[in-house]
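Here the numbering used here is used: the sequence shown runs in plain steps of one and ends on residue 812. Beta carbons: idealized from backbone N, C-alpha and C, even for Gly.
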Amino acid sequence: MATTMGRMGRRGFLGRAGVLAGGAVVSTTALQKLTASAAYAQAGPAAAREASRSGAGYGPLAPTGDQSGAEILALPAGFSYVTFSRTGSPLLSGQGVVPRNHDGMGALAGPDGTVRLIRNHENRNDPGDPALGVPGPDATRYDPLGYGGTITVDFDLGARQPVREFVSLNGTIVNCAGGIACEDAGWITCEETVDGPDDGFGQKHGYPFLVPAGANETVPAVPLTAMGRFAHEAVSVDPRTGIVYETEDAGDNSGFYRFLPEDPSDLTGGGRLQMLALVARPNYDTIRNQRVGRSLPVRWVDISAPDPDLEGGASNVFDQGADAGGARFNRLEGIWWGEDSCFFNSTSGGNAGLGQVWEYRPLGKGDGLGVLTLVYESPEASVLDSPDNLLFTPRGGIVLCEDDASGDGDTHPLAPGITDVNRVIGLEEEGEPFELAVNRLNGSEFAGACFSPDGDTMFVNIFGDATPGSGMTCAITGPWADGPL
């Protein structure tokens with residue numbers, strides 16, 4: 328699934344905030360919340376579970392209608408939302424219909440005071456199957472047999488509705504998450520697959536692609552091959568150095584990477600791909616038996632062939648890194664850059680297999696030294712189940728989007744009839760988890776959480792499936808300043 332990975336305006340947070348990739352802010356309070364939440368979880372699943380449904384955060388949730396009255400979400404009192412860009416509905420551009428599988432998304436300042444959302448569609452159709460795929464011109468399509476890509480939506484905050492919607496990139500596949508490029512240059516969308524000609528497609532897949540922020544029509548899809556061919560999930564940029572950090576979602580053989588571009592303003596210009604490893608601990612397994620708060624010294628190992636010829640039998644990127652001592656994670660997904668470190672989720676990591684949040688803090692300016700720290704691990708599904716997107720809010724809060732992959736029957740009283748319920752989880756300053764939103768429509772994950780540049784509207788997707796209306800984007804407003812987010 329998703330991170331996205333959004334963007335907020337460039338401004339301080341009570342003088343303590345750092346600037347995230349794309350302009351979002353994160354205060355030192357955010358890290359304190361993660362650390363406190365880890366300690367709170369260690370107090371026992373029962374305590375954490377009680378907090379998550381006790382009315383912490385913004386208070387108890389209740390079924391809440393959108394502009395049509397449909398009670399798709401449960402939200403706290405005082406919050407409202409509108410839904411738009413639903414699966415199967417006509418695109419405002421007239422290019423076809425909204426594709427299936429709404430996933431990662433970024434928010435940028437748009438034209439005429441709008442918010443520009445660039446949204447991934449994680450289409451996994453068979454080669455050449457256009458059903459609810461991303462349409463658009465054949466001339467710009469990266470692979471004539473691929474039907475993933477991105478949709479750009481310009482959203483009018485005052486009218487609370489989209490005013491423009493068009494295909495911005497097409498011909499890719501399995502566009503999962505991504506991140507905002509250096510200097511807000513656009514949205515980096517990532518393919519979560521390494522399928523290619525051997526799988527019936529016309530091109531090799533497994534790459535990031537850049538959708539320029541100012542593009543007002545479908546752009547030619549150019550793969551950023553030097554950033555690696557692997558099951559990409561999300562990226563985040565260190566604004567001080569232009570280094571791009573990348574997560575891999577390939578089960579329990581997933582790596583954490585960094586890309587050192589020759590020119591941070593031109594990712595097509597090549598660079599150096601490396602995989603995280605630990606000092607004096609080759610092939611370290613992060614998945615189980617970890618201790619919250621322990622600092623693990625990091626080194627980086629080179630990937631000699633970042634664009635491997637997998638069809639010809641070449642070693643994949645993870646194996647190249649593992650051969651050099653790289654560390655192993657379980658399903659790396661969402662990532663955010665802070666003032667001097669980045670935070671990322673291992674969706675299925677931890678002793679319970681329900682998720683971890685890690686921090687990587689570089690100690691130099693690209694010299695390869697750094698520290699890896701586990702800052703949170705979920706003890707029980709009712710507290711947090713499979714975190715995907717990780718979002719730091721404009722006020723220094725923390726939001727985690729669930730992608731419940733456990734299949735363990737997580738029902739919820741606010742979503743009757745749904746077996747595995749997905750939620751948006753926030754963290755109190757004391758570390759207590761709380762529910763911010765519940766998906767009452769279906770069992771789909773939440774994805775693509777991001778705030779508008781003014782910090783007043785949180786956008787989030789319901790992933791959906793091939794059923795018309797099952798996926799959509801939600802714009803949530805309410806008394807954010809009255810609570811921890």
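Span of the beta strand (DSSP E), counted from its first residue to its last, around residue i
i	result
Q683	683 to 689
G505	502 to 507
G431	429 to 436
P714	714 to 719
D629	622 to 629
A793	First-last for A793: undefined, no H or E at that position.
A776	773 to 778
F493	488 to 499
Rounded separation between residue i and residue j - CA only
i	j	result
L690	V625	10 angstroms
P780	G640	46 angstroms
N657	P566	27 angstroms
L418	G460	12 angstroms
N450	P438	28 angstroms
V424	S416	5 angstroms
Y611	T441	46 angstroms
Q394	G529	42 angstroms
E660	G770	19 angstroms
G695	V538	29 angstroms
Q647	L763	41 angstroms
D470	G775	25 angstroms
E510	S592	8 angstroms
N447	M785	17 angstroms
Residue burial classification, residue i (beta-carbon count within 10 angstroms, cutoff 16)
i	result
A808	exposed
E729	buried
V549	exposed
D590	exposed
D481	buried
S631	exposed
D667	exposed
L468	In the sequence on display, residue 468 carries Arg and not Leu. So R468 ends up on the buried side.
G744	exposed
R767	buried
T391	buried
A793	exposed
G541	exposed
R750	buried
Anticipated Cβ contact below 8 angstroms, residue i with residue j, distance rounded
i	j	result
E772	D715	6 angstroms
G819	P806	Since the displayed the chain opens at 328 and closes at 812, residue 819 lies outside it and no answer follows.
G505	G431	5 angstroms
M799	T414	7 angstroms
G523	L600	About 19 angstroms separates the two Cβ atoms, so there is no contact after all.
L754	I725	4 angstroms
S642	P635	6 angstroms
Range covered by the alpha helix (DSSP H) that runs through residue i
i	result
F645	644 to 650
Residue i at chain B interface by Cβ criterion, 8 angstroms
i	result
P635	Considering every chain present, this structure includes no chain B. It has just one protein chain.
Notebook entry, point to check: Would you say the stretch 601 to 609 touches the stretch 556 to 565, given that touching needs at least three Cβ pairs under 8 angstroms?
Noted result: no
Note to self: Across the stretch 677 to 687 and the stretch 703 to 717, are there enough close Cβ pairs to call them in contact, namely three or more that are closer than 8 angstroms?
What the structure shows: yes
Next item on the list: Examine the Cβ distances between the stretch 615 to 623 and the stretch 570 to 587 and report whether three or more of them are shorter than 8 angstroms.
Entry: no
Note to self: Quick test of the definition: if touching needs 3 or more C-beta pairs under 8 angstroms, does the stretch 514 to 523 touch the stretch 482 to 490?
What the structure shows: no
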